[in-house]
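A.B. asks:
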Amino acid sequence: MQVSFTPAEIVSMVQPKSMRGATSAPIRGLASLSSAVRGDLSFLGNARYKADVAATLASVVLLPLDYPGEPGADQLFLLVEQPSVALARICAHLEQMLWPKPTPGVHPSACVDPGAQVHPSATVGPLCVVEAGAVVGERAHLQAQVFVGRNAQVGADNWLMPGVVVGAECVLGKRVRLQPGVVIGSDGFGYEFVGGKHEKVPQVGQVVIGDDVEIGANSTLDRARFSRTEVGEGTKIDNLVQIAHNVVIGKHCLVCAQVGISGSTVLEDYVVLGGQAGLGGHIRIGKGAKAGGQAGITSDIAAGAFVNGTPAIPFQLERRLAILHQRLPDLFKRVDALEARKS
Amino acid sequence: MQVSFTPAEIVSMVQPKSMRGATSAPIRGLASLSSAVRGDLSFLGNARYKADVAATLASVVLLPLDYPGEPGADQLFLLVEQPSVALARICAHLEQMLWPKPTPGVHPSACVDPGAQVHPSATVGPLCVVEAGAVVGERAHLQAQVFVGRNAQVGADNWLMPGVVVGAECVLGKRVRLQPGVVIGSDGFGYEFVGGKHEKVPQVGQVVIGDDVEIGANSTLDRARFSRTEVGEGTKIDNLVQIAHNVVIGKHCLVCAQVGISGSTVLEDYVVLGGQAGLGGHIRIGKGAKAGGQAGITSDIAAGAFVNGTPAIPFQLERRLAILHQRLPDLFKRVDALEARKS
Amino acid sequence: MQVSFTPAEIVSMVQPKSMRGATSAPIRGLASLSSAVRGDLSFLGNARYKADVAATLASVVLLPLDYPGEPGADQLFLLVEQPSVALARICAHLEQMLWPKPTPGVHPSACVDPGAQVHPSATVGPLCVVEAGAVVGERAHLQAQVFVGRNAQVGADNWLMPGVVVGAECVLGKRVRLQPGVVIGSDGFGYEFVGGKHEKVPQVGQVVIGDDVEIGANSTLDRARFSRTEVGEGTKIDNLVQIAHNVVIGKHCLVCAQVGISGSTVLEDYVVLGGQAGLGGHIRIGKGAKAGGQAGITSDIAAGAFVNGTPAIPFQLERRLAILHQRLPDLFKRVDALEARKS
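Protein chains in written order, with the numbering used here: chain A, 1 to 343; chain B, 344 to 686; chain C, 687 to 1029.
Listed below in structure tokens is the structure:
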């Protein structure tokens, strides 16, 4: 994407606490400290790259307030409280250029049932389907090839990317962003074993998504058996995540890619789950608890705990056991030697 | 969803062995024992919630035959052999209300090749594609934005939800239900390493799905190298599951979310695989075998076995080893102490 | 699929070094040695099936040069350097029959923005969306219901299967094949924790895919924060794989199903990752390194190493530790016995 900002525009976006040096170069790109060329903006987001600042060719560099060095010729240092937050602000401007505001209205190729309500400020893009009884809120954006089922509700300022499926009766809050291929409201996986066959337990509940939730590409959230599967306000879910029926996720959680959460499990607020973690059903993860990648969690986790491994145990213990595990060959030898002593 | 049943309608659906008490409340919702209010139906599906029955406000409660207590005022107890099966029967009625029978016919926005055969009783919904030579059977329902490739066969009473892809030459039995985003007939992952490059082994086989199979959202089933990838009658597959080429899955298996099964592996009938389990290629899982969540299976499993862990071993042994693993710090100390003894 | 080749056509495709016997049977199918019937072609791809050759009913059998046996009556042996490569050549012919060359042009139901460039030799199938500024190269094939976003580039001879999403600004090389449901260019999972909330870090970079890359069904590749997520030439990625933002994958790698690679991690050339392996962020996997299925990799791996387990360690060590782990019950008993000795 073509970027073009003056140094003054950058200053106005990030509102630095102080500045050092100056540059006349227009900003044409963003790059890491070591790969930046003249005309790029860069930043020190992680202290371990500190040594790269002195040699960077970037024309504008975002730095923490306590950074001691001086800029080179034709180089501008902007000192801010959190360089990565400042960078995010710049990227938000870029994002508006990358994703220009869509034109409101329903694309002629979209199939919108006469019994659906689409707000005049909303955009229903090409080849979308909106079934009867569905509601599409103010400024909501169904980009292309999106499906919204019967009586589903898409909230204000939602952005549903290509190929998203929102099943019947499901409800999305405000400012929800669903990446391509997300499925909301697939059937829960519930069967009764009767007469040698798995008889389907119909899944007639909903999925209810809170405000400011984001869900990653091709993730799947099952509808409840008869009540609600819930995702709380501000929670962010990565790609290819599986959320089973009747799961309740609290506010402001982070669920990394390929996590699987089994039925009826509860995540309290601010829980963080590492990639590929798997959670059993009917358990509760306490507020602010964290789990490492690939953790296998089969019982309740206390608030604030940090667990790892399968079965998941406190992180420090898991690390210690992993080290002792690697010393098993030595331990077996030591026991051999002890046995060889005269008793 | 708006529910409205009279108590008499509920009685007629579940056919209880006996009843206690009576209620005049119309049934407006389903809820767990502890969250139910007047007008709700609830049930005792799991003995550990038995204590909740006495205090429930539900107007109608489904209970096992041996439940000893008496209902409250304006409350009806229905005693049945399996309360959760009885509930499933009620939910099946709700499901018919949630998913009304589609109108037969081809939506004008669908692209159906003149060389395809769509039964007059079938429904091809908006923006579906049906290629030449494909057959769509009696009462089959392609909901919306479904793709059915050349010469593929969609059986009678199938329900293919939005975004499903059925690749060329693949065959679906009767009453198959595919959740949104399922891919049937992607290429198997096969390459020959020739001259420093991975040369593609063309994948020209089929996927053949038996009657009464259900597959969860965004799961993927690869076509065989040149024969068939098979899923047997009555098997249920959850979301985000990967089935590689030439896998043969027997009848009435349960495959939980995010399981991966590598090429040419065979599951006999009634196998149950926990979530995120991974199976190597070219192995055989015996009839009725079970694997725990995240199990890593790299060799054959005997019929009826229950395995866990990576590499998967018998469940009881895995549990015992996990406990001993946690006692390693103590064991190292004990060996230290033994070594410190005078020899 | 209906197959029909004369034995002479088979000979012409595989160019054998030598032949034994002869057959008059037209070739109607491909099958394994043990399941083949008259009219089938079979092959010995794996030495452990060698004993099956003598009894096979296949009319034509592909065999390695050193195979000593003689054919039966009406049976033709073709001796080639690599039977499985020879088979792949035959399957390539079948593939052309299975997937006939599409007719160039834009299907009338597709929505192609006037500001997009579609080469006259390309095929844009039914119900595809191509946004403004996008480029679709020579002979590229967008099969059906594909989405190509603003300014994205689809290279020559690409094949994008039904339901593929290529996000804005992303670039695909030549001869790229994307299986159904692949998502290229979903947002990276990046947030700053500010004031008790996860503030989105806009993701404004690209995904750049090299020539001859193949990506499996429903896999997801996130766009970079502001630079590029890259997949090198000739790399093959299986189904349901997650590639996070800023990941750089080298040339000719194999990434098996359900692998997850966290942000900014680098795979050098010829890396092989087994199914369900999980990689942490900001690490480097050296050239030609291999990881077993379900491996959990959290630090750099040296070129050529073969690792296994979680945390991943050298394969041989991991195997040895797994065996010792299973001997823990005995070890505890031995230590009990030592303690019981008189000191």
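Each residue gets a CB set at the ideal place from its N, CA and C atoms; glycine is no exception. Please read these numbers as outputs of a predicted model, since none were measured by experiment.
Is the stretch 947-958 of chain C close to the stretch 576-583 of chain B, with three or more CB pairs under 8 Å?
C.D. replies: no
A.B. asks: Against K883(C), what residues of chain A qualify as contacts under a CB-to-CB distance less than 7 Å, listed in chain order?
C.D. replies: Those are G234, H252, listed as they occur along chain A.
A.B. asks: In whole angstroms, give me the CA-to-CA distance for D530(B) and A567(B).
C.D. replies: 8 Å
A.B. asks: Taking the C-alpha atoms as reference points, what is the distance between P997(C) and L965(C)?
C.D. replies: P997(C) and L965(C): Cα-Cα distance of roughly 10 Å.
A.B. asks: Anything in the stretch 196-221 of chain A with a Cβ closer than 9 Å to a Cβ of chain B? List those residues in chain order, please.
C.D. replies: G196, K197, H198, E199, K200, V201, P202, Q203, V204, G205, Q206, N218, S219, T220, L221
A.B. asks: Restricting to Cα atoms, I'd like to know which of Q276(A), G250(A), R150(A) is closest to V396(A).
C.D. replies: Outside the displayed range of chain A (1 to 343) lies residue 396(A), so it cannot be described from this structure.
A.B. asks: Throw me the rounded Cβ distance for the G823(C) and A842(C) pair, which I believe falls under 8 Å.
C.D. replies: 4 Å
A.B. asks: With a Cβ-Cβ cutoff of 8 Å, do Q179(A) and G216(A) count as a contact?
C.D. replies: yes
A.B. asks: List the residues that DSSP assigns as beta-bridge partners of Y270(A).
C.D. replies: Y270(A) pairs with nothing; no bridge assigned.
A.B. asks: Which runs of the beta strand (DSSP E) fall wholly inside the stretch 36-85 of chain A and span at least 3 residues, in chain order?
C.D. replies: As far as the stretch 36-85 of chain A is concerned, its whole beta strand (DSSP E) runs of at least 3 residues are 40-43, 60-64, 76-80.
A.B. asks: Quick check: L716(C) and F569(B), are their CB atoms within less than 8 Å of each other?
C.D. replies: yes
A.B. asks: Within 10 angstroms of the Cβ of T103(A), are there 16 or more other Cβ atoms? Answer buried if so, exposed if not.
C.D. replies: exposed
A.B. asks: So which residues on chain C does D351(A) lean against when the C-beta distance must stay under 7 Å?
C.D. replies: Nothing in the structure corresponds to residue 351(A), since chain A is present only between 1 and 343.
A.B. asks: Just the Cα atoms here: how many angstroms apart are V887(C) and L858(C)?
C.D. replies: 25 Å
A.B. asks: Pull the bridge partners of R914(C) from the DSSP assignment, please.
C.D. replies: Q892(C)
A.B. asks: Could you list which residues in chain B have their beta carbon closer than 7 Å to that of H827(C), in chain order?
C.D. replies: In chain order: nothing, as chain B lies at least about 13 Å away.
A.B. asks: Pick helix, strand or coil for C434(B), following the three-state DSSP scheme.
C.D. replies: Correct three-state label for C434(B): helix.
A.B. asks: Residue ranges of each beta strand (DSSP E) run of no fewer than 3 residues wholly in the stretch 149-226 of chain A, ordered along the chain?
C.D. replies: 183-186, 191-194, 197-200, 206-209, 220-222
A.B. asks: Cβ of S227(A) less than 8 Å from any chain B Cβ?
C.D. replies: Taking Cβ atoms only, chain B reaches closer than 8 Å to S227(A), which makes this a yes.
A.B. asks: Given that P329(A) touches chain C, what residues does it touch there, using C-beta distances under 7 Å?
C.D. replies: R1006, L1010
A.B. asks: The alpha helix (DSSP H) with V307(A) in it runs from where to where?
C.D. replies: V307(A) -> not in any alpha helix (DSSP H); beta strand (DSSP E) instead, spanning 306-308.
A.B. asks: Along the chain, where does the alpha helix (DSSP H) containing S361(B) start, and where does it finish?
C.D. replies: Membership of S361(B) in any alpha helix (DSSP H) is not indicated; the residue belongs instead to the beta strand (DSSP E) covering 361-364.
A.B. asks: Does any residue of chain B bring its CB to less than 8 Å from the CB of L751(C)?
C.D. replies: no
A.B. asks: DSSP has P672(B) in a bridge; who is on the other side?
C.D. replies: None; P672(B) has no bridge partner.
A.B. asks: Examine chain C for any beta-carbon lying closer than 8 Å to the beta-carbon of A257(A), and answer yes or no.
C.D. replies: yes
A.B. asks: Go ahead and label Q242(A) buried or exposed: buried means 16 or more other beta carbons lie within 10 angstroms of its beta carbon, across all protein chains shown.
C.D. replies: buried
A.B. asks: Go to A8(A), then tell me how far its alpha helix (DSSP H) extends in each direction, as first and last residue.
C.D. replies: 7-14
A.B. asks: Please classify R627(B): does DSSP put it in a helix, a strand, or coil?
C.D. replies: strand
A.B. asks: Do you know how far the Cα of K937(C) is from the Cα of Q326(A)?
C.D. replies: 33 Å
A.B. asks: Measure the C-alpha to C-alpha separation of D679(B) and D673(B) and round it to an integer number of angstroms.
C.D. replies: D679(B) and D673(B) have their C-alpha atoms roughly 10 Å apart.
A.B. asks: Under 7 Å Cβ-Cβ, which residues of chain A neighbour S452(B)?
C.D. replies: Chain A residues near S452(B): C111.
A.B. asks: Check whether chain A comes within 8 Å of P702(C), counting only Cβ atoms and requiring the distance to be less than that.
C.D. replies: no
A.B. asks: Counting only Cβ pairs nearer than 7 Å, list the residues of chain B close to P311(A).
C.D. replies: Those are A665, listed as they occur along chain B.
A.B. asks: For A1086(C), tell me which candidate among V894(C), G982(C), A977(C) has the shortest Cα-Cα distance.
C.D. replies: Since the first residue of chain C shown is 687 and the last is 1029, residue 1086(C) is not available in this structure.
A.B. asks: Grouping DSSP H, G and I as helix and E and B as strand, with all else coil, what is I295(A)?
C.D. replies: It should be pointed out that residue 295(A) corresponds to Ala in this sequence rather than to Ile. Coil.
A.B. asks: Between the alpha carbons of M705(C) and N732(C), how many angstroms are there, rounded?
C.D. replies: 20 Å
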